[in-house]
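Asks:
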Amino acid sequence: MTALAAPARRRRHRLPPILLLFVFVPFAVEAFWVFWPALQGFYLSLTSWDGVSPPTWAGFDNYAELFSDPTFGTAFANTAIWLVLFGGISAAGGLALAMLLQRERKGVGFYRAALFTPVVFSLVATSLIWQGLYQPDGLVNSLLDTVGLGDWQRSWLADPDTALYALLAPALWRQLGYVMVLYLAGLKGIDPALYEAAKLDGASPWQQFRYVTWPQLRPVNSVILSVIVIDSLRSFDVVWSMTKGGPYHSSELLSTYMYSTAFQTLRLGYASALAVVIFLLAFGVIVTYLVRVLREEES
Amino acid sequence: MIEVSRRNFLLGMGALGGAAVLGGCATSASSGAVQQTAGAVSIQSNLSAPAAKAAIEALAKGFGEQGAAKAAVNTVASETFRTQLPSYLTSATPPDTYTWYPGSILAGYARKGLLLDVGDVWQGMGDYSPAFRTLSGDGTGKLVFVPTTYYWWGFFYRKSNFAKWGVTPPSTWSEFLALCETLRGKGIEPIGLGAGGGTQWTSSAWFDYLNIRINGAPFHRDLLAGKGRFDDPKVAKVLETWKTVLPHFDPRGTAIPFQDATTSLLQGRTGMMLIGTFFADAAPKEALEDIDFFQFPILDPAVPVAEEAPTDGFFASSRTPHLAATKEFLKYAATAPAQELYIRNSSGTILPTHPSAKDSGTPLVLKGRKMLQDAKELTQFFNRDSSDALQPTADTALIRFIQRPNEISSILTEWQAAAQKVWNS
Numbered sequence: 005m006t007a008l009a010a011p012a013r014r015r016r017h018r019l020p021p022i023l024l025l026f027v028f029v030p031f032a033v034e035a036f037w038v039f040w041p042a043l044q045g046f047y048l049s050l051t052s053w054d055g056v057s058p059p060t061w062a063g064f065d066n067y068a069e070l071f072s073d074p075t076f077g078t079a080f081a082n083t084a085i086w087l088v089l090f091g092g093i094s095a096a097g098g099l100a101l102a103m104l105l106q107r108e109r110k111g112v113g114f115y116r117a118a119l120f121t122p123v124v125f126s127l128v129a130t131s132l133i134w135q136g137l138y139q140p141d142g143l144v145n146s147l148l149d150t151v152g153l154g155d156w157q158r159s160w161l162a163d164p165d166t167a168l169y170a171l172l173a174p175a176l177w178r179q180l181g182y183v184m185v186l187y188l189a190g191l192k193g194i195d196p197a198l199y200e201a202a203k204l205d206g207a208s209p210w211q212q213f214r215y216v217t218w219p220q221l222r223p224v225n226s227v228i229l230s231v232i233v234i235d236s237l238r239s240f241d242v243v244w245s246m247t248k249g250g251p252y253h254s255s256e257l258l259s260t261y262m263y264s265t266a267f268q269t270l271r272l273g274y275a276s277a278l279a280v281v282i283f284l285l286a287f288g289v290i291v292t293y294l295v296r297v298l299r300e301e302e303s
Numbered sequence: 060m061i062e063v064s065r066r067n068f069l070l071g072m073g074a075l076g077g078a079a080v081l082g083g084c085a086t087s088a089s090s091g092a093v094q095q096t097a098g099a100v101s102i103q104s105n106l107s108a109p110a111a112k113a114a115i116e117a118l119a120k121g122f123g124e125q126g127a128a129k130a131a132v133n134t135v136a137s138e139t140f141r142t143q144l145p146s147y148l149t150s151a152t153p154p155d156t157y158t159w160y161p162g163s164i165l166a167g168y169a170r171k172g173l174l175l176d177v178g179d180v181w182q183g184m185g186d187y188s189p190a191f192r193t194l195s196g197d198g199t200g201k202l203v204f205v206p207t208t209y210y211w212w213g214f215f216y217r218k219s220n221f222a223k224w225g226v227t228p229p230s231t232w233s234e235f236l237a238l239c240e241t242l243r244g245k246g247i248e249p250i251g252l253g254a255g256g257g258t259q260w261t262s263s264a265w266f267d268y269l270n271i272r273i274n275g276a277p278f279h280r281d282l283l284a285g286k287g288r289f290d291d292p293k294v295a296k297v298l299e300t301w302k303t304v305l306p307h308f309d310p311r312g313t314a315i316p317f318q319d320a321t322t323s324l325l326q327g328r329t330g331m332m333l334i335g336t337f338f339a340d341a342a343p344k345e346a347l348e349d350i351d352f353f354q355f356p357i358l359d360p361a362v363p364v365a366e367e368a369p370t371d372g373f374f375a376s377s378r379t380p381h382l383a384a385t386k387e388f389l390k391y392a393a394t395a396p397a398q399e400l401y402i403r404n405s406s407g408t409i410l411p412t413h414p415s416a417k418d419s420g421t422p423l424v425l426k427g428r429k430m431l432q433d434a435k436e437l438t439q440f441f442n443r444d445s446s447d448a449l450q451p452t453a454d455t456a457l458i459r460f461i462q463r464p465n466e467i468s469s470i471l472t473e474w475q476a477a478a479q480k481v482w483n484s
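Below you can see the structure in the form of structure tokens.
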């Protein structure tokens, strides 16, 4: 408390106790509910623990094991694919939809609502719908048959070559509307005078986008990037409910591998090490990006 | 470094939750000696199929009508139940009693002191067969489980369909292959599987049966207990044999759960299916009368015949706050009238464990009971004879085998590596 007592002597900087309370109570809650469990998770990653007996100290064994674990390799590669495809398509698609639906036209509200609906759907409904579509005699296969692509029919979720990509569709279906709404909000915030000036200068629609819209969306972009990175690293529900990472780990993500290691094989220490890796990845990607953006803004 | 057990962790979180959220509202966490509390015995149940759920609720009601105490059923989805079981058992206020099965998981919890010693319940249970008594132990002689029902696995088919196709049940492997050929010739997928969409474990039944038919039950048990290796040539022989019949499997087998595979069987799109009688819990009653089964064909007459006979029942938490009432409930569940009540309310395709309790008496059940009685040895099922932690390794290996049967040796090498991790942890 000495650090706090020192500035308190200077009258102009005296903080009222109620303000201190406002700072420290949330901090204490945060520390107890977020920081402590996080540290706890890190501690567990250094132990081997079955969830019932007391954990035993294992040092960095769990991390060493990660390097020789082929399933971890698959999960890591799949997570990278997922980050690029899920992240890239939902950002690009969300922006495209937002551009398409930004102007107030008749009926535009209906389309916005329709695209946003999957976001509010419960996970159970989502996976039931898509599981039905992907069934061996589901809609996807019968559509392929109708358009003469019968050879393309397959058991989408049970085929190791297609399972991961088949899962991307429902995940994107849920994410696009969300990203679209974020971009719509960003687009609404752009001063129309900028477009008028650009038009007077004879800018083509592409130039308007390149030199007006895109730079103006920068703050929204950093929010969306964070959201997308976090969402793709914790993408779990759709994958778990539809394939559980299978068949034979072909659609395994780091998150599903963490869950199955923790709660199916009951190796909570190793699972905590996986969780730490996921955290470092999310943290690494986002911090790198934010640092770059902030530095650009300063200069 | 602070020693943190899950229990202390949960207690801490619980205490904080109580203080922060409810403003000091007391949580009734009792961590000391077991104490008697009023209220119903809670039965944590993973039986969510309609018929099975109705049966366990009838059992709870029947217990309530005895007058001593009441019981309340809390049904949880099977997957959730399995993953939450350690949390239930280690929580400060655990549910009293649980639907479960014997095997390594049971013994593991018992060794950690989480399960109630039910030796005194067993004393009043009468002349249960020694096999059930052995199953219910924790390996050190302490009894921690009360078996109530068991069932059998076999090739189920529709009698009317077999009659329509002009085929009869086989008894040897070559007859079985011939039957598959005949069905295939008639445009029917001979064998349904249902190892997709969350029920991949049904593929383990094939592995279990081929292994006990080719290598015998003792080898199978040792393998599953970690005393053997999956890259053993004897295991490779199991998959080699399986490979010969794989072309007769429904190609959708790894894409649909067993419930959908059951529907295909009842609709006559597949000819037969290796499954346990629990599939009937979700089947329409009128179709049940048309159902029959045959025993998994004999491959090597020199190997003593073993059958899979998974047993179900209850265990209880050692920290139950309703000690006396919980034991009353277990005693009740072990009686013949209670088991008959349960079977009457279920689909009726299970067998009671009580020696004098009557089963549903249908020809199907009589045949199933006789098959188990004639068997030289009984096994449980892959995850029961091994562990729930080993089951995912089997799912991964066997689904890959079904889809890529030419990779047997690399499949078995990877299976052994994955299993080794489970045994080492």
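Quick note, the sequences are listed as chains A and B, same order.
Following this note's numbering from start to finish, the first sequence increments by one per residue and tops out at 303.
Following this note's numbering from start to finish, the second sequence increments by one per residue and tops out at 484.
Where is the CB? At the ideal position from N, CA and C, for every residue including glycine.
Predicted, not measured: the structure shown is a model, and the values here were computed from it.
#1: Residues of chain B with CB under 9 Å from VAL38 (chain A), in chain order?
#2: What does a CB cutoff of less than 7 Å around ALA314 (chain B) pick up in its chain, not counting 5 residues either side in sequence?
#3: Examine the ligand GTP and report whether any of its heavy atoms sits within less than 8 Å of the Cβ of ARG428 (chain B).
#4: Can you look up TYR157 (chain B) in the DSSP assignment and give me helix, strand or coil?
#5: For chain A, check one thing: does any of its Cβ atoms lie closer than 9 Å to the Cβ of ALA456 (chain B)?
#6: Shorter than 9 Å from the beta carbon of TYR391 (chain B) to some beta carbon of chain A?
#7: When you compare only the Cα positions, how much space is there between PRO164 (chain A) and ILE470 (chain B)?
#8: From the DSSP output, read off the bridge partner residues of TRP61 (chain A).
#9: At least one CB of chain B closer than 9 Å to the CB of ILE234 (chain A): is that the case?
#10: Report the rounded CA-to-CA distance for ILE467 (chain B) versus PRO306 (chain B), giving the unit in angstroms.
#11: Is the Cβ of TYR187 (chain B) closer than 9 Å to any Cβ of chain A?
#12: How would you write the range of the alpha helix (DSSP H) that THR83 (chain A) sits in, first residue to last?
#13: Thinking C-alpha only, which one of B:GLU124, B:THR208 and B:VAL135 is nearest SER107 (chain B)?
#14: Using a threshold of 9 Å, state whether the C-beta atoms of LEU127 (chain A) and VAL56 (chain A) are closer than that.
#15: Does the structure place the stretch 119-136 of chain A close enough to the stretch 211-220 of chain A that three or more beta carbon pairs sit under 8 Å?
#16: In the DSSP assignment, what are the bridge partners of GLU466 (chain B)?
#17: What does DSSP give as the partner residues of PRO411 (chain B) in its beta bridges?
#18: Within the chosen definition, does the stretch 226-238 of chain B reach the stretch 443-458 of chain B through at least 3 CB pairs nearer than 8 Å?
#19: Can you give the beta carbon distance from TYR187 (chain B) to PRO414 (chain B), rounded, assuming they're within the 8 Å contact cut?
#20: Check this for me: beta carbons of THR186 (chain A) and ILE93 (chain A), under 9 Å apart or not?
#21: Report back the beta-carbon spacing between TRP40 (chain A) and LEU272 (chain A) to the nearest angstrom; my notes put them in contact at under 8 Å.
#22: With 16 as the cutoff for other CB atoms within 10 Å, does THR292 (chain A) come out buried or exposed?
#23: Does the distance from the C-beta atom of ARG217 (chain B) to that of ASP351 (chain B) stay below 9 Å?
#24: Pop quiz: TRP156 (chain A) and LEU168 (chain A) are said to be a contact at Cβ under 8 Å. What is the actual Cβ separation, rounded to whole angstroms?
#25: Please tell me whether ARG280 (chain B) and ASP444 (chain B) are closer than 9 Å, where the distance is taken between their beta carbons.
#26: State the Cα-Cα distance for the pair PHE90 (chain A) and VAL224 (chain A), rounded to the nearest angstrom.
#27: Using a C-beta to C-beta distance shorter than 8 Å, which residues of chain A count as neighbours of PRO451 (chain B)?
#28: Under the three-state reduction of DSSP, which class applies to ALA131 (chain B): helix, strand or coil?
#29: Please report the straight-line C-alpha distance between TRP61 (chain A) and LEU153 (chain A), rounded to a whole angstrom.
#30: Please tell me whether GLN220 (chain A) and LEU204 (chain A) are closer than 9 Å, where the distance is taken between their beta carbons.
#31: Run through the DSSP bridge pairs and tell me what ARG243 (chain B) is partnered with.
#32: Just mark LYS344 (chain B) as buried or exposed, buried being the case when its beta carbon has 16 or more other beta carbons within 10 Å.
#33: Give me the chain A residues within the contact set of VAL135 (chain B), using Cβ-Cβ distance strictly less than 9 Å, ordered along the chain.
#34: Spell out the partners DSSP gives THR231 (chain B) in its beta bridges.
#35: Do ALA130 (chain B) and LEU118 (chain B) come within 9 Å of each other at the CB atom, strictly closer than that value?
#36: Could you tell me the boundaries of the beta strand (DSSP E) in which PHE373 (chain B) lies?
Replies: Taking the structure as given:
#1: Near VAL38 (chain A) there are no residues of chain B at all, since even the closest Cβ is about 13 Å away, more than 9 Å.
#2: GLY255
#3: Among the ligands in the structure shown, none appear at all, so the ligand GTP cannot be discussed.
#4: strand
#5: yes
#6: no
#7: 15 Å
#8: A:THR51
#9: no
#10: 16 Å
#11: no
#12: 74-105
#13: B:VAL135
#14: no
#15: no
#16: None; GLU466 (chain B) has no bridge partner.
#17: B:THR208
#18: no
#19: 7 Å
#20: In the sequence as presented, Thr is not what sits at residue 186 (chain A); that position holds Leu. Going by C-beta atoms, LEU186 (chain A) is not nearer than 9 Å to ILE93 (chain A).
#21: Not confirmed; about 17 Å, so no contact.
#22: exposed
#23: yes
#24: Rounded, the Cβ-Cβ distance is 17 Å, inconsistent with contact.
#25: yes
#26: 18 Å
#27: SER264, GLN268 and THR269
#28: strand
#29: 56 Å
#30: no
#31: Paired residues: none, contrary to the question.
#32: exposed
#33: Under the 9 Å cutoff, chain A gives no residues; its nearest Cβ is about 14 Å from VAL135 (chain B).
#34: B:ILE357
#35: yes
#36: 370-375
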